[in-house]
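Peer 1: Questions regarding the structure given below will be posed in turn.
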Amino acid sequence: MDRFSKVGIQRELHIDWFDQAARLHCMGFSKSDARQEIYAYLDTAPGFDTPPSKQTKTYVANALIKSWLAPDSDLIPLRNAAFHLLQENPNCRLPIHWSLLGAAYPFWFSVAAVIGRLLNLQHQVTQSQVVSRLKEKFGDRQTVSRRARYVIRSFVSWGALKDVDSRGCYEKTLPMIIYDESLAVLMFESALLAIPEAKGAFGMFLNNPAFFPFQLPVMTGDLVSQRSERIEVVRYGLDDELLRLIGVK
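So for the sequence shown, this note's numbering puts the first residue at 480; every next one is plus one.
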């Protein structure tokens with residue numbers, strides 16, 4: 480099963496763990512050595528009330544490795560660009576980790592997109608609303624409900640959503656304003672890598688509901704072309720533009 484159809488988030492994820500994965504990448508750890516380092520780190524990592532089981536460690540390590548340490552080959556340029564941006568501005572860790580995880584596990588973006596669309600229409604969103612819409616895309620599998628819950632709880636942990644008094648009900652937090660145009664382009668690239676066709680109308684990425692926790696800067700196709708060697712901007716019609724990953728037909 481390819482990453483586009485996989486429902487792959489197997490537990491709630493904390494953003495601090497992705498900081499550790501980025502550090503291990505910086506230190507040049509191999510995939511196998513990084514896994515052992517992650518296992519040791521998780522014994523005392525934030526996010527656990529008690530030491531995690533071996534299975535939990537495996538689930539977490541898989542997500543960290545697929546995002547930062549050993550991503551799919553077509554995701555490596557994105558990872559490298561993300562690492563460069565993270566070194567330049569550690570305060571942008573939220574959109575950087577969000578983008579890498581969404582490219583490696585498009586289910587992350589799928590959950591975010593459903594929530595983003597709902598929050599465009601209403602003040603709060605319920606878990607049942609999200610799961611119902613996800614099942615239309617991924618089928619009525621028990622894993623969809625369970626893993627959607629893990630992703631939603633991750634969003635809360637990352638500060639993208641907040642709990643309200645009603646159980647299973649959430650509302651949006653204040654969006655993080657993105658000023659860096661290179662970071663915005665990285666986010667577009669991650670969204671392109673999360674869809675099989677690797678292309679789409681520029682407006683779809685400017686207003687991508689999967690980026691609901693963020694406020695993107697004003698961008699033009701020319702800016703994208705200037706900031707990326709991996710995204711092609713194709714103009715069609717009178718004033719429409721298409722983004723496409725270079726090398727993908």
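The C-beta atom is built at its ideal place from N, Cα and C for all residues, glycine as well.
I believe residue 724 touches residue 651 by the beta-carbon criterion, under 8 Å. Please report the beta-carbon distance rounded to the nearest angstrom.
Peer 2: Contact doesn't hold; Cβ gap of about 30 Å is too wide.
Peer 1: Any chance the CB of residue 558 is under 8 Å from a heavy atom of the ligand GDP?
Peer 2: Here there are no bound small molecules, and the ligand GDP is not part of this structure.
Peer 1: By DSSP, does residue 679 sit in helix, in strand, or in coil?
Peer 2: Here residue 679 sits in strand by DSSP.
Peer 1: Check whether the segment 652-662 and the segment 550-558 touch, using three or more Cβ-Cβ pairs below 8 Å as the test.
Peer 2: The segment 652-662 vs the segment 550-558: no contact.
Peer 1: Output needed for residue 675: all residues of its chain with C-beta closer than 7 Å, excluding positions within five of it in sequence on either side, in chain order.
Peer 2: Excluding residues within five positions, the ones whose Cβ falls inside 7 Å are 483.
Peer 1: Mind checking residue 542: buried by the 16 CB within 10 Å criterion, or exposed?
Peer 2: Its Cβ being crowded by 16 or more others within 10 Å, residue 542 is buried.
Peer 1: Could you name the residues that DSSP lists as bridge partners for residue 655?
Peer 2: Answer is 693.
Peer 1: Would you check if the distance between the CB atom of residue 572 and the CB atom of residue 497 is smaller than 9 Å?
Peer 2: Cβ distance < 9 Å, so residue 572 and residue 497 count as in contact.
Peer 1: Which runs of the beta strand (DSSP E) fall wholly inside the segment 497-529 and span at least 3 residues, in chain order?
Peer 2: Those beta strand (DSSP E) runs which fall completely within the segment 497-529 and span 3+ residues do not exist here.
Peer 1: Please work out which residues of its chain come closer than 6 Å, Cβ to Cβ, to residue 513, disregarding the five sequence neighbours upstream and downstream, and give them in chain order.
Peer 2: If we look at residue 513 and ignore the five residues flanking it on each side, its Cβ neighbours are 503 and 548.
Peer 1: What residue does the alpha helix (DSSP H) around residue 705 start on, and which one ends it?
Peer 2: Run containing residue 705: 700-706, per the alpha helix (DSSP H) assignment.
Peer 1: Could you tell me which uninterrupted beta strand (DSSP E) segments, each at least 3 residues in length, are contained entirely in the segment 609-672, listed from first to last along the chain?
Peer 2: The segment 609-672 contains these whole beta strand (DSSP E) runs: 640-642 and 648-651.
Peer 1: Tell me, please, whether the segment 485-493 touches the segment 582-591 by the rule of three or more beta-carbon pairs shorter than 8 Å.
Peer 2: Segments in contact, yes.
Peer 1: How would you call residue 687, buried or exposed, if buried means at least 16 neighbouring beta carbons within 10 angstroms?
Peer 2: Residue 687 is buried by the Cβ-count criterion.
Peer 1: Using CA atoms only, rank isn't needed, just tell me which of 593, 700 and 727 is closest to residue 714.
Peer 2: Looking at the Cα atoms, 700 is the closest of the given residues.
Peer 1: Would you list the residues sitting across from residue 598 in a DSSP beta bridge?
Peer 2: BP columns for residue 598 are empty, so no partner.
Peer 1: Suppose the cutoff is 8 Å on Cβ atoms and the five residues either side in sequence are ignored; what does the same chain contact list for residue 629 look like?
Peer 2: Cβ neighbours of residue 629 beyond the five flanking positions: 488, 489, 490, 491 and 492.
Peer 1: CA-CA distance, residue 680 and residue 567?
Peer 2: Computed Cα separation, rounded: 30 Å.
Peer 1: Among 598, 562 and 668, which has the Cα closest to the Cα of residue 506?
Peer 2: Out of 598, 562 and 668, 562 has the C-alpha closest to the C-alpha of residue 506.
Peer 1: Do the CB positions of residue 706 and residue 660 come within less than 9 Å of each other?
Peer 2: Taking 9 Å as the Cβ cut-off, residue 706 and residue 660 qualify as a contacting pair.
Peer 1: Closest to residue 576 by CA distance: which of 619, 693 and 603 is it?
Peer 2: It is 693.
Peer 1: Please report how far the alpha carbon of residue 613 lies from the alpha carbon of residue 570, in whole angstroms.
Peer 2: Roughly 31 Å between the two C-alpha positions.
Peer 1: Compare the C-alpha of residue 648 against each of 622, 606 and 663 and name the closest.
Peer 2: For the residues 622, 606 and 663, the minimum Cα distance to residue 648 belongs to 606.
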